[in-house]
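Participant: If you're matching positions, the sequence shown starts at 1 in the UniProt record's numbering and goes up one per residue.
Before I ask anything, here is the structure I am working with.
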Amino acid sequence: MSGHGSPIPMTSRRAGPLQGVAEVPGDKSISHRSLILGALAVGETRITGLLEGEDVLDTAKAMQAFGADVTNHGGGEWSVRGVGVGGFQEPENVIDCGNSGTGVRLIMGVMATMPITATFTGDASLNKRPMARVTDPLALFGTQAVGRTGGRLPMTLVGTTEATPVRYEVPVPSAQVKSAVLFAGLNAPGKTVVIEKEATRDHTERMLAGFGAEITVEDTAEGRVITLTGQPELKPQVIAVPRDPSSAAFPVCAALVTPGSDVLVPGIGLNPTRAGLFTTLRDMGADLTYENERVEGGEPVADLRAKYSPNMKGIEVPPERAASMIDEYPVLSVVASFATGTTMMAGVKELRVKESDRIDAMARGLRANGITVEEGDDWWSVEGKGPDGVPGGGTCESFLDHRIAMSFMVMGFGAQKPVSVDDGSPIATSFPIFETLMGNLGAQISRDNA
Numbered sequence: 001m002s003g004h005g006s007p008i009p010m011t012s013r014r015a016g017p018l019q020g021v022a023e024v025p026g027d028k029s030i031s032h033r034s035l036i037l038g039a040l041a042v043g044e045t046r047i048t049g050l051l052e053g054e055d056v057l058d059t060a061k062a063m064q065a066f067g068a069d070v071t072n073h074g075g076g077e078w079s080v081r082g083v084g085v086g087g088f089q090e091p092e093n094v095i096d097c098g099n100s101g102t103g104v105r106l107i108m109g110v111m112a113t114m115p116i117t118a119t120f121t122g123d124a125s126l127n128k129r130p131m132a133r134v135t136d137p138l139a140l141f142g143t144q145a146v147g148r149t150g151g152r153l154p155m156t157l158v159g160t161t162e163a164t165p166v167r168y169e170v171p172v173p174s175a176q177v178k179s180a181v182l183f184a185g186l187n188a189p190g191k192t193v194v195i196e197k198e199a200t201r202d203h204t205e206r207m208l209a210g211f212g213a214e215i216t217v218e219d220t221a222e223g224r225v226i227t228l229t230g231q232p233e234l235k236p237q238v239i240a241v242p243r244d245p246s247s248a249a250f251p252v253c254a255a256l257v258t259p260g261s262d263v264l265v266p267g268i269g270l271n272p273t274r275a276g277l278f279t280t281l282r283d284m285g286a287d288l289t290y291e292n293e294r295v296e297g298g299e300p301v302a303d304l305r306a307k308y309s310p311n312m313k314g315i316e317v318p319p320e321r322a323a324s325m326i327d328e329y330p331v332l333s334v335v336a337s338f339a340t341g342t343t344m345m346a347g348v349k350e351l352r353v354k355e356s357d358r359i360d361a362m363a364r365g366l367r368a369n370g371i372t373v374e375e376g377d378d379w380w381s382v383e384g385k386g387p388d389g390v391p392g393g394g395t396c397e398s399f400l401d402h403r404i405a406m407s408f409m410v411m412g413f414g415a416q417k418p419v420s421v422d423d424g425s426p427i428a429t430s431f432p433i434f435e436t437l438m439g440n441l442g443a444q445i446s447r448d449n450a
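This is the structure:
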């Protein structure tokens, strides 16, 4: 069951074509960072379009616990009156980050170089996820971490009183690890350097610069070298959060596999470190176009128009594209089921340590719905059945993972028989309006315990 309530079994089934405009919520990655950087600025940051899913709301509560003044003005408008870099107070209670790996890892990074102690926990899914990938580099600053066996939550972090800047090469592509180290470097004197062999989503770098930090990014033979000068005074900002490309993936992919569909998804952030799914879908032959391309708040944005695409072909997804679409592989595997031929996805071992083992979770559910899947530690492949050949009829375990649940709901819109998940409640962590939005387009989703 979800950490926030009882299980909610859900079933989706083929209905009429999906038509209309899908206004998806604000970007989750930018929403987390807006609250955190607002809490570290001196003065009031104003935020519009904030994603009000449980993950982000848990981060807002955490910023309050560390002493920031966080106010919800309604309609996605929020304000954060920050305490300045190094100004967090020690929280009185345990910080519960719910289902959010992003939230807990970024917050750990922020507090790691402050002379305070905090204990973190989460729901059943988050408490199974490895934290050593963050706490190991934070230890280089002088931070101490005590958690369960295997470096898992609940975990207590003791911030260092004499932080020293570090030079750290990220061992696997991870925006969360990179960001945690950069956030820790904010309160360390001197220059903290992070080296990425493969570029990951760069919202942290863009937003740190926007808040007034001194940060440089260079592409070198060593990799992507990010240098942050510590102990800046961050300046409050007015932030308009773009709409989330990871959430847009679901109505876009639903339109591609549902006969007769034509859906417009406006205002989607197309940061090149995030847009790999849409590039891949177009490579497969999807009828997916970008309209009204523009730049908002330093981020490229466009309206996406997705139409039913019965002629999609399986492809080999370039492994170097994985970092730009790591959260979208589950729903891509669903689309691959409706394509002709095999889709190969390699360089994706990061999927094994997300909210669930997403390769295993999707492979089980796809097989339950008549799809052939092969997998290895760092790859998997899906054998497509063509636009009218997906049997469906299976019940899938969501493993407390919002993206697994939504991906199988998308499958049901185009399959021959309905597709069910044992628990759709985790969807609220990232996309609380998913059912309503899809229903307004003409999709059929039922709550089986209603």
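All residues carry an ideal CB built from backbone N, CA and C; glycine is no exception.
Which parts of the region 344-414 are runs of the beta strand (DSSP E), unbroken and 3 residues or longer, counting only runs that do not cross its ends?
Facilitator: As far as the region 344-414 is concerned, its whole beta strand (DSSP E) runs of at least 3 residues are 372-375 and 379-385.
Participant: Helix, strand or coil, according to DSSP, for S34 in the structure here?
Facilitator: S34: helix per DSSP, three-state reduction.
Participant: Taking the straight line between their C-alpha atoms, what separation do you get for T229 and G298?
Facilitator: In a straight line, the C-alpha of T229 is about 22 Å away from that of G298.
Participant: Where are the beta strand (DSSP E) runs, 3 residues long or more, that stay fully inside the region 145-169, in chain order?
Facilitator: List check, beta strand (DSSP E) in window: 152-158 and 167-169.
Participant: In three-state DSSP terms, what is M1?
Facilitator: Any reading at M1 must be qualified, since the residue scores a pLDDT of 35, below 50, and its modelled position is unreliable; no value is offered.
Participant: Tell me which same chain residues have a C-beta within less than 6 Å of the C-beta of S246, skipping the five on either side of it?
Facilitator: Counting only Cβ-Cβ distances below 6 Å, and skipping sequence neighbours, we find D327.
Participant: Should the region 246-260 be called in touch with the region 330-347, which here means at least 3 C-beta pairs below 8 Å?
Facilitator: With a cut-off of 8 Å, the region 330-347 and the region 246-260 count as touching, because enough Cβ pairs lie within range.
Participant: Under 7 Å Cβ to Cβ from E296, same chain only, skipping five residues before and after it: list those, please.
Facilitator: These residues qualify, in order along the chain: A240 and P242.
Participant: Let me confirm a value: G150 is counted as buried when at least 16 other C-beta atoms fall within 10 Å, else exposed. Which label applies?
Facilitator: G150 should be labelled exposed.
Participant: Could you give the residue range of the alpha helix (DSSP H) that holds V134?
Facilitator: Where V134 is concerned, the enclosing alpha helix (DSSP H) stretches over A132 to A139.
Participant: Exposed or buried, what is N271 when buried is set at 16 or more other beta-carbons lying within 10 Å of its beta-carbon?
Facilitator: So N271 ends up on the buried side.
Participant: Quick one, which of E222, F120, T156 and V421 has its alpha-carbon nearest E198's?
Facilitator: Considering only alpha carbons, the answer is E222.
Participant: Tell me which residue opens and which closes the beta strand (DSSP E) that N440 is part of.
Facilitator: Where N440 is concerned, there is no enclosing beta strand (DSSP E), although the alpha helix (DSSP H) it sits in stretches over F434 to L441.
Participant: Does DSSP classify Q89 as helix, strand or coil?
Facilitator: In this structure, Q89 counts as coil in the three-state DSSP scheme.
Participant: For V94, does the three-state DSSP call read helix, strand or coil?
Facilitator: Coil, per DSSP.
Participant: Roughly how many whole angstroms lie between the Cα atoms of G212 and E383?
Facilitator: Going by the C-alpha atoms only, they are around 49 Å apart.
Participant: When burial is assigned at 16 or more other CB atoms within 10 Å of the CB, is E435 buried or exposed?
Facilitator: Buried, because 16 or more other Cβ atoms sit within 10 Å of the Cβ of E435.
Participant: Would the beta-carbon of A363 fall within 8 Å of that of S324?
Facilitator: No, they are not a contact pair.
Participant: In the DSSP assignment, the alpha helix (DSSP H) including D419 goes from what residue to what residue?
Facilitator: The sequence given here places Val at residue 419; Asp does not occur at that position. Note, V419: premise wrong, no alpha helix (DSSP H); beta strand (DSSP E) at V419 to V421.
Participant: Short check: CB of W380 to CB of V373, under 8 Å?
Facilitator: Their beta carbons are under 8 Å apart, which means W380 touches V373 by this criterion.
Participant: In the DSSP assignment, find the unbroken beta strand (DSSP E) run with V225 in it and report its ends.
Facilitator: It spans G223 to T229 - the beta strand (DSSP E) in which V225 sits, taken as one unbroken run.
Participant: Give me, in chain order, the residues of the same chain whose beta-carbon lies closer than 7 Å to that of P91; leave out the 5 immediate sequence neighbours on both sides.
Facilitator: Same-chain partners within the cutoff: A65, F66 and A118.
Participant: Less than 8 Å between the CB atoms is what I'm expecting for G53 and T429, so what's the real figure, rounded?
Facilitator: Between T429 and G53 the Cβ distance is about 5 Å, and since that is below 8 Å, they are a contact.
Participant: Exposed or buried, which one is P137 when buried takes at least 16 other CB atoms within 10 Å?
Facilitator: P137 is buried by the Cβ-count criterion.
Participant: Report yes if the C-beta of D360 is less than 7 Å from at least one heavy atom of the ligand HEM; otherwise report no.
Facilitator: The ligand HEM is not part of the structure shown, which contains no ligands of any sort.
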